[in-house]
Every structure is written in structure tokens, then in C-alpha cells.
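The sequence shown begins at 1 in the UniProt record's numbering and counts up by one.
Report on the following structure.
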Amino acid sequence: MNYYIKEIKYGDDLSRTAGFKARDDVESIFEDMGIKPFPIQSVIEDREKGNAFTKLMAHHKIKVNWAKRLSALHDGDTLFVQFPIVDHSLFLYKVFKSLKKRQVKIVLLVHDLEMLRWSKREDVSLKERKRLKFEEYSILDYADHIIVHNEKMKDYMSDLVDVNKLVVLEIFDYLLSDFNVEDNQKKYSKDGAVIIAGNLRKRKAAYAYDLPENYPFHLYGIEYEGKTNDMISYFGSFPPNDLPYAIEGGYGLVWDGESKDTCTGTYGDYLRINNPHKTSFYLSVGLPVVIWSHAALADFVKAHHCGIVVDSLDDIKSVVDQMSEEDYQDILLHTKEMSQKLTNGYYTRKAIQACL
Numbered sequence: 001m002n003y004y005i006k007e008i009k010y011g012d013d014l015s016r017t018a019g020f021k022a023r024d025d026v027e028s029i030f031e032d033m034g035i036k037p038f039p040i041q042s043v044i045e046d047r048e049k050g051n052a053f054t055k056l057m058a059h060h061k062i063k064v065n066w067a068k069r070l071s072a073l074h075d076g077d078t079l080f081v082q083f084p085i086v087d088h089s090l091f092l093y094k095v096f097k098s099l100k101k102r103q104v105k106i107v108l109l110v111h112d113l114e115m116l117r118w119s120k121r122e123d124v125s126l127k128e129r130k131r132l133k134f135e136e137y138s139i140l141d142y143a144d145h146i147i148v149h150n151e152k153m154k155d156y157m158s159d160l161v162d163v164n165k166l167v168v169l170e171i172f173d174y175l176l177s178d179f180n181v182e183d184n185q186k187k188y189s190k191d192g193a194v195i196i197a198g199n200l201r202k203r204k205a206a207y208a209y210d211l212p213e214n215y216p217f218h219l220y221g222i223e224y225e226g227k228t229n230d231m232i233s234y235f236g237s238f239p240p241n242d243l244p245y246a247i248e249g250g251y252g253l254v255w256d257g258e259s260k261d262t263c264t265g266t267y268g269d270y271l272r273i274n275n276p277h278k279t280s281f282y283l284s285v286g287l288p289v290v291i292w293s294h295a296a297l298a299d300f301v302k303a304h305h306c307g308i309v310v311d312s313l314d315d316i317k318s319v320v321d322q323m324s325e326e327d328y329q330d331i332l333l334h335t336k337e338m339s340q341k342l343t344n345g346y347y348t349r350k351a352i353q354a355c356l
């Protein structure tokens, strides 16, 4: 039997998951493919409270809970796990070790590698970095298959695990129901603004506070505290289901880090191996992307002709100026075709099927 772990937050009923849009979409695709949910409800309300011993006991309690819930699995079963695990624990690797002994096939679908993202932040202690790396490394060892974002992530992971375990996703899907991409694309134009959607806190998106002043930008997201003027407009934040209908412009920006000149810092460097979910959002609503030339997804964008690639945000105006209206319409057509794949779960289904 094929199962997937459905993590449930502490105090929530079984209809509410611990995930966000990317995880929820994967769960929907699992169920559509006949893969049955295996709910595991969190047993810890607030694990950050208490002393070192209390926190250690919380890790142990999580492990015991998972072991008890998964004891019913046996030889011939396949278990899909979204990774990293929300209710993470130093001791969860023991549960996966036990599953392997019982001949249960384990498939990890990677959303993020915190050992390359969170653990590299300057405000994370050495102790926390070691814990994160151990939690992730120790579980990767027991997977039969690991679904990774792209070829760049596959290259990195091949130094940690057997390369034959690795299955490339290519890009995250972004499910949308009853969405008319052709109608939505009527709002887009070649000279339209560059959309920046997501977390706009300065610590996360410092580049958004130093945007070029020769091209219009439309910002959507939480906690933007920068300037607005004729070229920079801030529209606030929207619920995920409303955002596709709110944005207007010409391109969606895939950028991160501290600088408009290149992608730098922990988050900027992470783009070299990561598939940002915002890329999938833009493409799913039929919006071509502007992406950093060294991002892992830059090759995908070029291959599928669904956006433009730049070294610096200062390059956007010159690239757009040199583009003909016919070129932009061709990009829109390819982006519409990509939207139809992403909104129906094409890439996730293909990767899951490769693991069965």
C-alpha cells in the first residue's frame, strides 16, 4: 500500500495540515493518485519553551509518537514524506531505521534543505546549525528515493547520498482550480511592471529596498517598509487564493538576497540550488518571469521560453526595450502552456510515479 505522512499541528483537527501552499498541493496530488494519508498529529504545543532537558524530552516525545503511529507499516508498503519534517526531532532517524528493517520503502520529497538555508544565517547559533545538519543528514541515509528540485540540487546531494536514489522534480507545481489563464494574461503587457510577491521583510528581501528607478515595480507581500514613488508601488498582502487575480504587470521577479546587482547572502546563494515556489506561482498564473542568471531554475526558464534571464536588476529595462511585441506574445504563449502543466500537478505526478 502507498501512504503519505500528513502532519497535523498541535490542537488542530484532522482537516487542517501543518503545511503551506506547496505542501498542501503535494498532499492533494498524493490523494488524487490514490496514495492514502497517514495522519500524525503533533504532540508538542510549544517546543521552544523550557530548558535544555525539556527540549530534549520534546524531541524524544516526537520520536515515540511517530514510532507508535508508523508501527502498522510493513514489507511492501511505500511511505512518502515531505521534507524537512515539520515536527522535526533529533531522534526521528531511529523511526526511519526501523521502517527500513521492516522493508518499508521510504520516499522523501524535498521542499527545502535547511542545512543550506537556515543553518547559514548569521543569527543561528553553532549548536542550532549542528542540530539541523544532524536531523537532515541522519534521515536522508534511510530513503530509497529522494525527490530533489533540479539538476543543481541533484549534483549537490550526490555527495551526500547514492546518486541513484535521486529523482529530479524540475519545478514545483502550483494547483489552481477554476482558473482561466487566458483571461488573466489580458492584464499583462510587454512594458508592464515587474511583480515582486512574497516576504518583503528587509532581512529577507533587502534587494527590494534598493530597486532600479528606471523600470516600474509592483510589490505584494507582508511588511514592506521601503519607499514608494512613481516607479515603486506597494499593494499590501493578499491571501494566496486572491493574489492571482490581484497582480497586474508584465513579469514576475525571482530574486533573493541583499543586492539588486546580483543575488547574495544566505538566501541569494540558496537560489543556486533551490526551486523558489514563487516561480511556480508566477508561471501558474501565466506571468513570465525575470530570473537571476545563476539561479538553478534559469536553465528551465530558458529551455521552456517562459521568461527572461538577467545578471542584475539594472538589466531589466534594456532587455525589455530590445524585446519586440511578437517576442513577448511568444513568451506569453509558452507561459500559458507551462501554466496548464503546473496547475494540474504535471511535474509532481511524474516524479512520484518514478518512485513507485
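Where is the CB? At the ideal position from N, CA and C, for every residue including glycine.
Checklist line | DSSP three-state assignment for His-334, whether helix, strand or coil | finding: For this step, residue 334 is matched to residue 334 along the sequence shown. His-334: helix per DSSP, three-state reduction.
Next item on the list: Along the beta strand (DSSP E) that carries Ala-206, what are the first and last residues, could you check?
Entry: On the sequence shown, residue 206 is found 206 positions in, with the first residue counted as 1. Ala-206 -> no beta strand (DSSP E), and no H or E assigned at all.
Checklist line | Limits of the unbroken alpha helix (DSSP H) element including Glu-27 | finding: One-based indexing of the sequence shown puts residue 27 at position 27. Counting along the chain, the alpha helix (DSSP H) containing Glu-27 begins and ends at 21 to 32.
Check: In whole angstroms, what separates the C-alpha of Arg-69 from that of Lys-204?
Finding: Indexing the sequence shown from 1 puts residue 69 at position 69. Indexing the sequence shown from 1 puts residue 204 at position 204. Cα to Cα, Arg-69 sits roughly 37 Å from Lys-204.
Next item on the list: State the beta-bridge partners of His-145 as determined by DSSP.
Entry: In the sequence shown, residue 145 corresponds to position 145, counting from 1. For His-145, which the question treats as bridged, DSSP gives the partners Val-107.
Check: Thr-266 by DSSP, collapsed to three states: which one?
Finding: For the purposes of this step, residue 266 is taken as residue 266 along the sequence shown, with counting starting at 1. In this structure, Thr-266 counts as helix in the three-state DSSP scheme.
Next item on the list: Check the DSSP bridge columns for Gln-82 and list the partner residues they point to.
Entry: One-based indexing of the sequence shown puts residue 82 at position 82. Paired residue(s): Leu-109.
Item checked: Buried versus exposed call for Gln-353 [16 or more other C-beta atoms within 10 Å across all chains shown] -> Taking the first residue of the sequence shown as position 1, residue 353 is located at position 353. By the 16-neighbour rule on beta-carbons within 10 angstroms, Gln-353 is exposed.
Notebook entry, point to check: Can we say the segment 172 to 179 touches the segment 336 to 351, given the rule of at least three CB pairs closer than 8 Å?
Noted result: yes
Checklist line | Residue interval of the alpha helix (DSSP H) (run including Lys-63) | finding: In the sequence shown, the residue the question calls residue 63 occupies position 63. Its alpha helix (DSSP H) spans residues 52 to 69.
Next item on the list: Indicate the three-state DSSP secondary structure (helix, strand or coil) for Lys-152 in the structure shown.
Entry: In the sequence shown, counting from the first residue as 1, residue 152 sits at position 152. Note: Lys-152 maps to helix in three-state DSSP.
Margin query: How far does the beta strand (DSSP E) with Tyr-4 in it extend, from its first residue to its last?
Written below: Within the sequence shown, numbered from 1, the residue matching residue 4 stands at position 4. Here the beta strand (DSSP E) through Tyr-4 covers 2 to 8.
Margin query: Using C-beta distances below 6 Å, list every residue in its chain close to Gly-268, excluding the 5 sequence neighbours before and after it, in chain order.
Written below: Translated into the one-based positions of the sequence shown, residue 268 becomes position 268. So the qualifying residues of the chain are Asp-256 and Gly-257.
Next item on the list: Measure the C-alpha to C-alpha separation of residue 357 and Arg-272 and round it to an integer number of angstroms.
Entry: Because the chain in this structure spans residues 1 to 356, residue 357 falls outside the shown range and cannot be described.
Check: Val-289 and Gly-307: beta carbons closer than 8 Å?
Finding: The residue given as residue 289 occupies position 289 in the sequence shown. The residue given as residue 307 occupies position 307 in the sequence shown. It is a contact, given that the beta carbons lie within the stated cut-off.
Note to self: Going by beta-carbon coordinates alone, are Val-167 and His-145 separated by less than 8 Å?
What the structure shows: For this step, residue 167 is matched to residue 167 along the sequence shown. For this step, residue 145 is matched to residue 145 along the sequence shown. Contact: yes.
Notebook entry, point to check: If we call anything under 8 Å between Cβ atoms a contact, is Pro-39 one with Tyr-4?
Noted result: By one-based count along the sequence shown, residue 39 stands at place 39. By one-based count along the sequence shown, residue 4 stands at place 4. When the beta-carbon positions are compared, Pro-39 and Tyr-4 stay at least 8 Å from each other.
Check: Alpha carbon to alpha carbon, what distance is there between Val-319 and Ser-15?
Finding: Position 15 of the sequence shown, counting from 1, holds the residue named residue 15. Position 319 of the sequence shown, counting from 1, holds the residue named residue 319. With a pLDDT of only 41 at Ser-15, under 50, the local geometry of the prediction cannot be trusted, and the value read off the model is given with reservation. Cα to Cα, the separation comes out at about 47 Å.
Item checked: Alpha-carbon spacing of Gln-82 relative to Ala-197, whole angstroms -> One-based indexing of the sequence shown puts residue 82 at position 82. One-based indexing of the sequence shown puts residue 197 at position 197. Roughly 24 Å between the two C-alpha positions.
Check: Distance, Cα to Cα, Asp-32 vs Met-57?
Finding: Along the sequence shown, read from residue 1 onward, the residue named residue 32 stands at position 32. Along the sequence shown, read from residue 1 onward, the residue named residue 57 stands at position 57. Spanning the two alpha carbons is a distance of roughly 37 Å.
Check: Taking Cβ to Cβ, would you say His-294 is nearer than 8 Å to His-334?
Finding: Counting from 1 along the sequence shown, the entry for residue 294 is found at position 294. Counting from 1 along the sequence shown, the entry for residue 334 is found at position 334. No, the pair does not count as a contact, with Cβ atoms beyond the cut-off.
Margin query: On the CB-based measure, 16 or more other CB atoms within 10 Å of its CB, does Asn-51 come out buried or exposed?
Written below: By one-based count along the sequence shown, residue 51 stands at place 51. That one is exposed.
Margin query: List, from N- to C-terminal side, the beta strand (DSSP E) runs of 3 residues or more that fit wholly inside the segment 225 to 284.
Written below: You should have 232 to 234 and 251 to 254.
Check: Quick check: the segment 92 to 106 against the segment 156 to 170, are there 3 or more CB pairs under 8 Å?
Finding: no
Item checked: For Val-167, the residue or residues it bridges with in DSSP -> As a position in the sequence shown, residue 167 is number 167, starting the count at 1. Per DSSP, Ile-147.
Check: When DSSP builds the beta bridges, which residues end up paired with Phe-217?
Finding: Working through the sequence shown from its first residue, we reach residue 217 at position 217. The partner list for Phe-217 (beta bridge, DSSP) reads Val-194 and Ile-232.
Item checked: Ser-89 versus Leu-132 - alpha carbon distance -> For the purposes of this step, residue 89 is taken as the residue at position 89 of the sequence shown. For the purposes of this step, residue 132 is taken as the residue at position 132 of the sequence shown. Cα to Cα, Ser-89 sits roughly 9 Å from Leu-132.
Check: Taking contact to mean at least 3 C-beta pairs separated by less than 8 Å, is the segment 202 to 217 in contact with the segment 228 to 243?
Finding: yes
Check: Which partner residues of Asn-199 appear in the DSSP bridge assignment?
Finding: Here residue 199 corresponds to residue number 199 of the sequence shown, with the count starting at 1. Answer by DSSP bridge pairing, in chain order: Ile-222.
Item checked: Thr-228 burial status per 10 Å Cβ neighbour count (16 or more: buried) -> In the sequence shown, residue 228 corresponds to position 228, counting from 1. The residue is exposed, with fewer than 16 neighbouring Cβ atoms inside 10 Å.
Checklist line | Helix, strand or coil at Ile-308 [DSSP, three-state] | finding: In the sequence shown, counting from the first residue as 1, residue 308 sits at position 308. Residue state, collapsed to three classes: strand.
Next item on the list: Within its chain, find whatever has a CB closer than 8 Å to the CB of Val-161; leave out the 5 residues flanking it on each side and keep chain order.
Entry: As a position in the sequence shown, residue 161 is number 161, starting the count at 1. Result list for Val-161: Leu-140, Asp-141, Ala-143 and Ile-146, in chain order.
Checklist line | Asn-275 and Leu-253 closer than 8 Å at C-beta | finding: What you label residue 275 is simply residue 275 of the sequence shown in a count that begins at 1. What you label residue 253 is simply residue 253 of the sequence shown in a count that begins at 1. Against a cut-off of 8 Å, the Cβ pair of Leu-253 and Asn-275 comes out as no contact.
Notebook entry, point to check: From what residue to what residue does the alpha helix (DSSP H) around Ile-139 run?
Noted result: Within the sequence shown, the letter at position 139 stands for residue 139. Counting along the chain, the alpha helix (DSSP H) containing Ile-139 begins and ends at 126 to 140.
Next item on the list: For the alpha helix (DSSP H) holding Phe-96, just list the boundary residues, first then last.
Entry: Here residue 96 is taken as the residue at index 96 of the sequence shown, counted from 1. 92 to 101 is the span of the alpha helix (DSSP H), which, as asked, contains Phe-96.
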